[in-house]
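Residue numbers (this note's numbering): 12 to 230.
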């Protein structure tokens, strides 16, 4: 599976709009072993640990309420560490030590801050949720270029002709700043001499980019 996905790298990076991605093959399919393996691979996971209530009842007995409260105040990562090193986690309640084994916990994971995760079948995907200005700018350029190329075609221009100008109006400040930095790239993609952001064409088309109303033209 890894080789198949790696062979599709250009397509995946284009569709996901990411600069790079890494594929890992894992052996574990859940629980403590899976979290430990993902951590060992350096993936952005945060542990989720819950008590297996049915199993711990006979061990906790009259101390169940206090054990649950103590568990709730314990960092899940401390529990994972204890299970990894000792295969158990001890809780001291009223001078009595209650020992819970790894089977006494329900272990899962979520993405660390700054990442999102999706799980489906045997696949797990982590993706950064941090705003990458460079990637946002590339995506915006590609999107607007596609719309301007369509407009060129509809207006009957020869694909090989270098036109005078492409004009884009009503971009928000952030989008305008990003696209200005790459206006030469946009001009190359659309085959025009220059790209302007003020009214410089006779006729404009209304368009929409992710809910942002803009006007575009090419002449």
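Just so it is clear, CB atoms sit at the ideal spot from N, CA and C, and this is done for glycine as well.
Please look up how many angstroms separate the CB atoms of residue i and residue j, rounded, as I've assumed it's under 8 Å.
| i | j | result |
| --- | --- | --- |
| residue 202 | residue 174 | 7 Å |
| residue 60 | residue 118 | 6 Å |
| residue 176 | residue 140 | Not a contact, Cβ separation roughly 37 Å. |
| residue 151 | residue 178 | In fact, because the Cβ distance is near 16 Å, the residues do not count as touching under 8 Å. |
| residue 43 | residue 113 | 5 Å |
| residue 120 | residue 57 | 6 Å |
| residue 2 | residue 158 | In the structure as shown, the chain starts at 12 and stops at 230, and residue 2 therefore has no counterpart that could be examined. |
| residue 196 | residue 225 | Actually they are not in contact, since the Cβ atoms of residue 196 and residue 225 sit about 18 Å apart, beyond 8 Å. |
| residue 83 | residue 109 | Actually they are not in contact, since the Cβ atoms of residue 83 and residue 109 sit about 15 Å apart, beyond 8 Å. |
| residue 200 | residue 156 | 4 Å |
| residue 153 | residue 189 | Rounded, the Cβ-Cβ distance is 12 Å, inconsistent with contact. |
For the alpha helix (DSSP H) holding residue i, just list the boundary residues, first then last.
| i | result |
| --- | --- |
| residue 144 | 144–165 |
| residue 122 | It is not in any alpha helix (DSSP H) - residue 122 instead sits in the beta strand (DSSP E) that spans 116–122. |
| residue 77 | 75–83 |
| residue 194 | 194–201 |
Under 8 Å, Cβ to Cβ, is there at least one residue of chain C near residue i?
| i | result |
| --- | --- |
| residue 128 | The structure shown contains no chain C; it holds only a single protein chain. |
Sort out for me which residues DSSP pairs residue i with in a bridge.
| i | result |
| --- | --- |
| residue 180 | 226 |
| residue 139 | 126 |
| residue 207 | 178 |
| residue 220 | 223 |
| residue 131 | 134 |
Near residue i, what residues of its chain come up, given a Cβ to Cβ distance below 6 Å and the 5 sequence neighbours on each side ignored?
| i | result |
| --- | --- |
| residue 74 | 104 |
| residue 128 | 122 and 137 |
| residue 213 | none |
| residue 163 | 229 |
| residue 211 | 176 and 178 |
Go through its chain and collect everything with a Cβ distance to residue i's Cβ below 7 Å, but skip five positions before and after it.
| i | result |
| --- | --- |
| residue 52 | 35 |
| residue 126 | 55, 137, 138, 139 and 140 |
| residue 124 | none |
| residue 38 | 48 |
| residue 205 | 176 and 198 |
| residue 13 | 34 and 36 |
Under 8 Å Cβ to Cβ from residue i, same chain only, skipping five residues before and after it: list those, please.
| i | result |
| --- | --- |
| residue 116 | 43, 60, 61, 62, 63, 90, 94 and 100 |
| residue 183 | 223 |
| residue 17 | 34 |
Given the structure, does residue i come close to the ligand PLP, in the sense that its CB is under 7 Å from one of the ligand's heavy atoms?
| i | result |
| --- | --- |
| residue 76 | This structure lacks the ligand PLP; in fact it carries no ligand of any kind. |
### Query
What residue ranges within the segment 14–64 form continuous alpha helix (DSSP H) runs of no fewer than 4 residues, ordered along the chain?
20–27 and 42–51
### Task
Enumerate, from N- to C-terminal direction, the unbroken beta strand (DSSP E) stretches of 3 or more residues contained entirely within the segment 88–113.
99–104 and 107–112
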